[in-house]
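Visitor: Questions regarding the structure given below will be posed in turn.
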Amino acid sequence: MKLIFTFLITFFFLSISAQSNFQGKATYMSKTSMDISRFGNKMSEQQKKQMMARFKNALEKTYTLNFNKIESSFKENVKLDAPGTSGPRWARSNGQGSVYKNLKEKEMIEDVEQFSKRFLIKEKMNQPKWQLGSESKKIGKYTAYKATLVKIDNTIDWASIFRRRGGENNKKKDSVSQNKKQKVTTKEIKTKLVTAWYTPQIPVSSGPADYWGLPGLILEINSGRTTMLCTEIIINPDEKVEIKKPKKGKEVTREEYTKIVNEKTEELKERFKNRRRGNRRGF
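Sequence positions in the sequence shown follow mature numbering (1 follows the signal peptide of the UniProt record, and there is no 0) and run -18 to -1, 1 to 265.
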């Protein structure tokens, strides 16, 4: 396995040095499955279908990755919502978010708008601890190889804001242990297994979203309920690929951003809970 890894890395850097003007554009399709039961078990089949239709645009998206040998920019391709399919406001995208990566400077910047504020999440790129496998498959005309990674899960559980908790659900702590006397709440760090498929035929150590660090472009990512698949690649297009470094927004670290999101999410949960209580009392 070490011999295979050494060969791929060597091939990768030789390919890059031989193509100083190498650049390209890749299109990815993302699909996320949703557990409807999390919203309550009293929904009829018709209600479930209606909800899935409303969430369709939030669960199925397309993105464009512009890349060269050093930089890349990953951005959602936003389209107009069809009537009745826009979904809730918190699940929509304004099309301004992007993920910028600079392999030379080892800098990653995520441009995101959340809670009506624009953030620039800056973090140092530490080499991901990918486990390379020998399994391969064809994705389009490219031969892709399998790699896996255990990663910290920073996914926002938006559904938890609106989820009704009662009966047995109140007894479940869901990785949260509470000491009521000392009023201390400790959250365990959640992790997830990520499976990537990359191709050394495209010598760029980048990929969709914040994924990178493999000896070739990542063509497919499977993470939790979400799958991202590359559907089109254009190498050295006629027009120069434009890669912009995000500059507008409040600069924060990943830890600072996670803290802000957690605090705001708890506020929304409490607000929604109080609203339900008021409705039950006839307010």
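For each residue, glycine too, the CB sits at the ideal point set by N, CA and C. Here the structure is a predicted model, which means the values were calculated and not measured.
1. Suppose you measure from the CA of residue 199 to the CA of residue 182; what does that come to, to the nearest Å?
2. Put residue 193 into one of helix, strand or coil per three-state DSSP.
3. Runs of 3 residues minimum, wholly inside the region 168 to 224: which ones carry the beta strand (DSSP E) assignment?
4. How is residue 123 classed by DSSP in three states: helix, strand or coil?
5. For residue 254, which three-state DSSP category applies?
6. For residue 41, name the three-state secondary structure that DSSP assigns.
7. In angstroms, rounded to a whole number, what distance separates the CA positions of residue 184 and residue 212?
8. Can you check whether the CB of residue 188 is closer than 8 Å to the CB of residue 49?
9. With a 10 Å radius around its C-beta and 16 neighbouring C-beta atoms as the bar for buried, classify residue 15 as buried or exposed.
10. For residue 225, tell me which candidate among 53, 40, 109 and 13 has the shortest Cα-Cα distance.
11. So residue 100 packs on residue 227, CB below 8 Å; how close in whole Å?
12. Taking its Cβ as the centre, do 16 or more other Cβ atoms sit within 10 Å of residue 195, making it buried, or is it exposed?
13. For residue 243, which three-state DSSP category applies?
14. Hey, could you find the ends of the beta strand (DSSP E) residue 93 is sitting in?
15. Of the choices 116, 173, 172 and 202, whose alpha-carbon is the least far from that of residue 180?
16. Select from 122, 96, 253 and 126 the residue whose C-alpha is nearest the C-alpha of residue 240.
17. Identify the continuous beta strand (DSSP E) that holds residue 107 and give its terminal residues.
18. Roughly how many angstroms separate the alpha carbons of residue 93 and residue 254, rounded to a whole number?
19. May I ask you to list the residues that DSSP assigns as paired with residue 130?
20. Please confirm if the region 84 to 91 is in contact with the region 113 to 120, defined as three or more CB-CB distances below 8 Å between the two stretches.
Guide: Inspection of the coordinates gives the following:
1. Between the C-alpha atoms of residue 199 and residue 182 there is a straight-line separation of about 7 Å.
2. Residue 193 falls in the coil class under three-state DSSP.
3. 173 to 181, 199 to 205 and 208 to 217
4. In the structure shown, the three-state DSSP call for residue 123 is coil.
5. helix
6. helix
7. 13 Å
8. yes
9. exposed
10. 53
11. At roughly 15 Å, the Cβ-Cβ gap does not stay under 8 Å, so residue 100 and residue 227 are not in contact.
12. buried
13. helix
14. 89 to 96
15. 202
16. Cα-wise, what sits closest to residue 240 is 96.
17. Careful: residue 107 lies outside any beta strand (DSSP E) and carries neither H nor E.
18. Computed Cα separation, rounded: 28 Å.
19. Per DSSP, 113 and 177.
20. Three or more beta-carbon pairs separated by less than 8 Å are not found between the region 84 to 91 and the region 113 to 120, which leaves the two stretches without contact.
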